[in-house]
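S.K.:
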Amino acid sequence: HDLMSESIATLWLEVTRSDGRRVLMCGVYREWDHEGHDSISDQLERLNVLTMQLEKGILDSKSVVVLGDINLCSKRWNEPSYRLKTLSDTWIEKVSACGLELLDIGDTYFADHPNANGDYVQSALDHIYVSDKNLVSDHGRLPNSSTDHYPVFLNIKHFATREKFKTKRITKRSFKKFS
Numbered sequence: 038h039d040l041m042s043e044s045i046a047t048l049w050l051e052v053t054r055s056d057g058r059r060v061l062m063c064g065v066y067r068e069w070d071h072e073g074h075d076s077i078s079d080q081l082e083r084l085n086v087l088t089m090q091l092e093k094g095i096l097d098s099k100s101v102v103v104l105g106d107i108n109l110c111s112k113r114w115n116e117p118s119y120r121l122k123t124l125s126d127t128w129i130e131k132v133s134a135c136g137l138e139l140l141d142i143g144d145t146y147f148a149d150h151p152n153a154n155g156d157y158v159q160s161a162l163d164h165i166y167v168s169d170k171n172l173v174s175d176h177g178r179l180p181n182s183s184t185d186h187y188p189v190f191l192n193i194k195h196f197a198t199r200e201k202f203k204t205k206r207i208t209k210r211s212f213k214k215f216s
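If you're matching positions, the sequence shown starts at 38 in the working numbering and goes up one per residue.
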């Protein structure tokens with residue numbers, strides 16, 4: 038299945054681990070504004086595209102990893118006054134229904150300019166979700182960034198291979214069709 042869509046910035050990759058099992062990985066950037074469409078209903082529509090991709094991906098693979106800039110602060114989800122509560126509630130519901138679990142990486146956004154109150158905001162906007170925590174050997178955020186977001190990372194455990202593979206090199210030369 039082709040999971041990507043022009044309406045949302047996602048990149049889906051399938052990785053085969055050394056033990057032969059597949060892991061479906063998604064890198065995502067949930068935009069506030071896509072071609073001038075920035076209302077909550079527009080954002081909700083794009084979020085639904087993303088969650089449909091997740092649902093299809095879960096059906097295709099038992100092991101799924103999603104990481105990227107979700108642009109929803111996971112620290113504020115439970116606040117009734119959170120201005121993106123509709124979006125965050127929908128996201129949490131869909132991600133949970135897919136069996137994905139959020140790995141805590143703390144704040145990843147550190148504003149490079151003050152807000153109207155003079156505060157430098159920091160938020161947990163970048164997320165990592167996994168279908169199976171046993172896949173993960175390490176995860177977190179990197180300490181340096183060239184933007185106001187710190188990059189996130191995830192290392193997948195390395196498992197012993199099922200079979201030993203021998204490399205065989207065959208060298209063959211033929212000049213029959215050489216002109």
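Just so you know, even glycine gets a beta-carbon here, dropped at the ideal spot from N, CA and C.
Roughly how many angstroms separate the alpha carbons of N192 and G177, rounded to a whole number?
M.R.: Spanning the two alpha carbons is a distance of roughly 9 Å.
S.K.: Is the segment 180 to 188 close to the segment 124 to 134, with three or more CB pairs under 8 Å?
M.R.: Short answer: they don't touch.
S.K.: According to DSSP, is A46 part of a helix, a strand, or is it coil?
M.R.: A46: strand per DSSP, three-state reduction.
S.K.: Could you check the C-alpha separation between V60 and W128 for me, to the nearest Å?
M.R.: Looking at the two C-alpha atoms, the distance is approximately 22 Å.
S.K.: Quick one: Cα of D126 to Cα of D185, how far?
M.R.: C-alpha separation (whole angstroms): 25 Å.
S.K.: Just mark W120 as buried or exposed, buried being the case when its beta carbon has 16 or more other beta carbons within 10 Å.
M.R.: It should be noted that the sequence gives Arg, not Trp, for residue 120. With fewer than 16 other Cβ atoms within 10 Å, it is exposed.
S.K.: Can you name the start and end residues of the beta strand (DSSP E) that R178 belongs to?
M.R.: Segment V173 to R178, the beta strand (DSSP E) holding R178.
S.K.: How would you call T53, buried or exposed, if buried means at least 16 neighbouring beta carbons within 10 angstroms?
M.R.: Label assigned to T53: exposed.
S.K.: Check each candidate in V65, D163 and D149 and name the one with the smallest Cα separation from M157.
M.R.: Sequence inspection shows Tyr at residue 157; the Met mentioned does not correspond to that position. Of the listed residues, the one whose Cα sits closest to Y157 is D149.
S.K.: Anyone know if the C-beta pair for N108 and L40 falls short of 7 Å?
M.R.: No; because the gap between Cβ atoms is not below 7 Å, this pair is not in contact.
S.K.: Bridge partners for M30 per DSSP, in chain order?
M.R.: One cannot answer for residue 30 here, as it falls past the ends of the chain, which runs 38 to 216.
S.K.: Quick check on this structure: which residue in S44, V167 and N171 has the alpha carbon closest to the alpha carbon of D75?
M.R.: Of S44, V167 and N171, the residue nearest in Cα terms is S44.
S.K.: Give the DSSP-derived three-state secondary structure of I165 in the structure shown.
M.R.: In this structure, I165 counts as strand in the three-state DSSP scheme.
S.K.: Express the C-alpha separation of A153 and E51 in angstroms, rounding to a whole number.
M.R.: Each residue's alpha carbon lies about 43 Å from the other.
S.K.: Under the three-state reduction of DSSP, which class applies to S133: helix, strand or coil?
M.R.: Here S133 sits in helix by DSSP.
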